[in-house]
Structure formats: structure tokens, C-alpha cells
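Colleague: All letters in the sequence shown, in the order written, are residues 5 to 436 by this note's numbering.
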Amino acid sequence: MQKSIKINISFWIECLLTIILFILSIQNQTLLLITMCCSLLLIKQGEIGVVKLIFLYMMRYFISPGIDFEGSQLFINIMKYVLIFICGSYFLYQSSRQWATSKVMSLFVFGSCLLMTIYAITSLLTSAFPLVAILKLINYFLPLMIIVLLISQIKDFKKLIFWLAVYIELLIISSSFYINQPIGKLLNGYSFQGILNHPNLFAIIMVMGLTLILVSINYQRQFIICQLIIVAIGTYELVKTNSRTGVLSFVVCVCLYFLLMNMHKRYKWLIFGSVVMTVVIIFMNPFIQERIKAFLVKGQRSDQALYSRYIQIEYLMDALDKYPLFGGGFGIPVNNTSLDLLNFTFEAGNIFFALIIFTGIFGLICYLIYLVFMLFIVQHPFRLTIVLFISTLLVNMGEMIMFSSTNAGIFCYILWGIYLKEGMELQHESKL
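1. Tell me the rounded alpha-carbon separation between Q102 and V338.
2. Out of curiosity, what's the CA-to-CA distance linking A412 and Y65?
3. Can you name, in chain order, every residue of its own chain whose Cβ lies under 6 angstroms from the Cβ of G92, other than the five neighbours on each side?
4. Which residues bound the alpha helix (DSSP H) around N222?
5. Which residue wins for smallest C-alpha separation from C416, given the options P147, I27 and G75?
6. Could you give the first and the last residue of the continuous alpha helix (DSSP H) run that contains R248?
7. Let me confirm a value: S1 is counted as buried when at least 16 other C-beta atoms fall within 10 Å, else exposed. Which label applies?
8. Quick one: grab the DSSP three-state call for L200.
9. Have a look at Y61 and M288 and give me their C-alpha separation to the nearest angstrom.
10. Pull up the DSSP beta-bridge partners for I67, would you.
11. Give the single residue among M212, G75 and L25 whose Cα lies nearest to the Cα of V256.
12. Would L345 be called buried (16 or more neighbouring beta carbons within 10 Å of its own) or exposed?
13. On the criterion of 16 or more Cβ atoms from any shown chain inside 10 Å, does Q157 qualify as buried, or is it exposed?
14. Just curious, the alpha helix (DSSP H) that I365 is in, first and last residue?
15. Looking only at its chain, what residues have a beta carbon closer than 8 angstroms to the beta carbon of N400, apart from the 5 residues adjacent to it on each side?
16. If you follow the alpha helix (DSSP H) that G78 is part of, which residue opens it and which one closes it?
17. Let me make sure I understand the geometry here. Which of F377, T126, S395 and S409 has the alpha-carbon closest to that of S110?
18. Which whole runs of the alpha helix (DSSP H) in the region 109-190 are 4 residues long or more, in chain order?
19. Do the CB positions of L214 and F206 come within less than 7 angstroms of each other?
20. With DSSP run on the structure shown, which of helix, strand or coil describes Y194?
21. Should I158 be listed as close to the ligand GDP, given that the test is whether its C-beta is under 6 angstroms from any heavy atom?
22. Can you list, in chain order, the residues of its chain with a C-beta nearer than 6 angstroms to that of L168? Leave out the 5 residues immediately preceding and following it.
23. Report the residue from H202, I233, L430 and T126 whose alpha carbon sits nearest the alpha carbon of P328.
24. Counting only runs of 4+ residues fully inside the region 19-51, write out the alpha helix (DSSP H) ranges in chain order.
25. What's the gap between the Cα of K48 and the Cα of V391?
26. Would you report the Cα separation of Q231 and S178, rounded to the nearest angstrom?
27. Leaving out five residues on either side along the sequence, give the residues of the same chain with a beta carbon under 7 angstroms from the beta carbon of V170.
28. Once DSSP output is grouped into helix, strand and coil, what is the label at T349?
29. How about F145 and M120: do their beta carbons lie closer than 7 angstroms?
30. When burial is assigned at 16 or more other CB atoms within 10 Å of the CB, is H202 buried or exposed?
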């Protein structure tokens, strides 16, 4: 039986102050700098405070230009680097004895360093820009390891889950005011992006965020009805983004959630039967079929619906022709047109395509082994938080964000950290 999380008044005071600072920060540069200084008070909470700040600045970076002022992203990017590389490293140094003696964290660091070394060697051998490839490797693996290790030192990871869920709920609620407003569809006038700067990004955050809210419901019993209503609103917003990968990913996550959650079998069978009946009704209803078809083709002709994927496949085939085994270097595009250290979005569009382009077939196999290794370095891997881990992989099937360590990749690393942290606790309990 899961213990319910007890939330005290200080939690809500912190949330209120954070919301006020967040609103002030989008007014002008002066207020942004003032709120950035004030936000550093969270560091007094230790590792969890640093993780909170990293997440908040990630979300602040994504605010729509229709709401935010111009030129804010430079300061936010600098702050993210300071939090990850300076503050994060400092706290990890202070707690090095604790995480270094953890079997789970030791294996995680070993596996990550080994994969980084393999990619570094192959990039040095095959890439025309080996230095850029090495820098991009460091820029991916170090933030990943720092964030996961920080979460490993948090005393109660369930409180972090609830804290994150609250801020995703605030994102859903605030975005709902723009559903019928031009700002809500600022990028293309068709797909919903909420208060964020891109519909696909909003869809990614929604998939991982809604899954996180569902997991948080399993750990606390205070606001279930309100949370379920917010999940319903968030699901509607996700559909309005017109992200096919996002919607399908969330459906998979919900199915896995109900399979793994602590529920009597008869209720699971009831839910399963309801889902089957819903699918049957959908396939029997011509109107619903037409709406689904329109969603899948995004208003285009059916032969144009997958046009972007055809382009990505062309890049993939080009990469396989040039360097099939070891790729062209980590983060190096096929045509070498974008060598920006932070740019991973140029042509891959899919994590597996990206791995083949960057690291070849050998690198793809190594990464798949790495993922399986991450899943099974803990005892009882098939528990509820594995849904969080899987959600990070599913969203990367449509938008390749995993290697963007100062972008939405941060959210992926946080969810990895939660999964591994719970595994650490279960392993510790089994020894007692």
C-alpha cells in the first residue's frame, strides 16, 4: 500500500511566490534579472532545490514570444548552465560519498561514461568535426548524469513528483485561457501551443507531464478529482496540438499506467473492456472516423501527410551510404550545415534516425543496450515509474529532444532520475 504524500502550507506558499516571480519575469529584462536573483533562494533546499530551479528555468525558456519579451532567452540559458554545471556539481561533490556507494548510481555513471567514451572514439575516427562532436557529447552526458545524481540524493522523490505535477497542472490551466485565442496558435494559426513557443514542444511536455500527473495520483490522495479534471483538459489540449506522435504516445502511456498501477484485477478488466468497446464504437461511427483521419493528415492530402518523414528518411539513407557503421560524429548533421553546439533539431526528427546519422548502426545498437541496461540496473523494474521512463522514449519518436540538454531534454533526464531513484529505494528496502 502506497503512503500518501502530506503537503504542508509552506509548499503552497512556495508555489504562490514562484507564480508571482514567474509572472514578473516576463514583463521586462530588469524584472527578469531581479526574479532570477530571488529564485536562487531555492538552493537553500539542497539538491531538490537545484532540480526545481533547473525545471523552472527550462519552462521559462519555452514561454511563447506572444507573452514573453524579446531577448530573455540568453539570460535564462546562462542560468541553466550555472545551475547544472556549477550548482549541481557543487552539491554532487558534497554528497559524493553517498551516491558513489550506491550500486544503482555507480552502474548508471559507469554505463553513461562507457557509452560516452565509445561515441567519442567513433566520432574521432569518422567525423570531419571531431571537436564539435566531443563538445556535444559532453553537453549531453554531463547534464544527464548531474541531474540524475542530484535526484538520487533527494530524500523523498515522491514530493518531487507531486511538485512537478503541480507545475504541469499550472501550465495546463494557464494554457486553457488561450485555446480560442491567436496567441495559443501563434506559430502557424492551426496547431495549439498554449503558452509555450511551439505546438510540438507543447505536445512533448504534455505527454510527459500528463503521465507524471497520473503517477502522482498514485502517491497522494488529496486532490484526485481536481487532478483528473486537469488531466482531461490537458488531454484535450494535447489533441489540439495536432501532434500524432504525442497523442499516440500518451495513449500508450495510459495503457501501461493502468496495467502497472496498484488496482484490483476486476477493475483493470473493466477498464480494458471499456477501452475495447470505445475502439469498436469509433470504428463503427463514420463521423468519428473522418475526424481521426483529418487529425492524422493534419489538413493535408493523404499523400502529403508524411512528407516531413520522407525528408528524414532521405537524410537517413544518405548517412547510411556515407558512413553506415560508425556515423558522421555525434551531433554532426549529414550536410554539415548546422554545427551549433546546442542544435540537435536540424534533420533527425527521431531518436533512432539521429543515432544512425550520428553514430551509425554500431552506435544505435550500443544505445539500445544502454537503455536496456538503465531499465534493469534496479530491482523490480516493471513498476509504475517505468511509465515515466518509457514516455521519454516515446516522445523522441517524433521530436528528437533527448540530446538537447538545455532544452526539453532536461525533462527527460528528470524522469529518468525519478525512475532510478525509486529503484534505489526498493533495493535499499530489500536489504533491510
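Note that CB positions come from ideal geometry on N, CA and C, so glycine has one too.
Modeller: With the given structure in hand:
1. 43 angstroms
2. 10 angstroms
3. V54, I150 and L154
4. P203 to Y223
5. P147
6. R248 to L264
7. For residue 1 there is no data in the structure shown, the boundaries of the chain being 5 and 436.
8. strand
9. 46 angstroms
10. L200
11. M212
12. Only weak support is given to the placement of L345: the predicted model assigns it a pLDDT of 46, under 50, and the value that follows is read from those uncertain coordinates. Per the 10 Å Cβ criterion, exposed.
13. buried
14. I355 to F380
15. N354, I355, M406 and C416
16. Checking the sequence, you will find Leu at residue 78 rather than Gly. Here the alpha helix (DSSP H) through L78 covers Q77 to Y85.
17. F377
18. 134-156 and 161-180
19. no
20. coil
21. Of ligands this structure carries none, so the ligand GDP is not represented either.
22. L216
23. T126
24. 33-43
25. 31 angstroms
26. 15 angstroms
27. C19
28. Residue confidence for T349 is low, a pLDDT of 45 falling below 50, so the modelled location carries little weight; the figure read from the coordinates is stated next. Three-state DSSP puts T349 in coil, outside helix and strand.
29. yes
30. buried
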